[in-house]
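Peer 1:
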Amino acid sequence: MNETSLLRELADNWLLVGMFSLFVIAILWAFRPGSRAVHQETSNIPFRNEDYPASRQDRSSQTEELQP
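Once you know that position 60 of the sequence shown is 60 in UniProt numbering, the rest is easy, because the numbers rise by one and skip nothing.
Here's what the structure looks like:
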């Protein structure tokens, strides 16, 4: 068996098995018990400090307050 066929066999078989096992591990890690709270908190990050859009009056008063 020459070096090329050995490398081809490793790439065809073992790397496929390795990549598939990493994929399965990542899926199991994401759906592990007890991770629901972490995922809920992470999914709500964009909405933490969200208020209703300010009206034009509110926006102008806010900019006046910020200017010295």
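Glycine included, every Cβ here is placed at the ideal spot set by N, Cα and C.
(1) Please go through the same chain and pick out, in chain order, the residues whose beta-carbon is closer than 6 Å to the beta-carbon of residue 38, but skip the five residues on each side of it.
(2) Rounding to the nearest angstrom, what Cα-Cα distance links residue 12 and residue 21 in this structure?
(3) If we ignore side chains and look at the alpha-carbon of each, how far apart do residue 33 and residue 3 end up?
Peer 2: Concretely, from the data shown:
(1) Within the sequence shown, numbered from 1, the residue matching residue 38 stands at position 38. Nothing listed; no residue qualifies.
(2) To locate residue 12, count along the sequence shown from 1; it is residue 12. To locate residue 21, count along the sequence shown from 1; it is residue 21. Straight through space, the alpha carbons of residue 21 and residue 12 are spaced by roughly 15 Å.
(3) As a first step, residue 33 is located in the sequence shown; it is residue number 33 there, counting from the start. As a first step, residue 3 is located in the sequence shown; it is residue number 3 there, counting from the start. The alpha-carbon separation between residue 33 and residue 3 amounts to approximately 45 Å.
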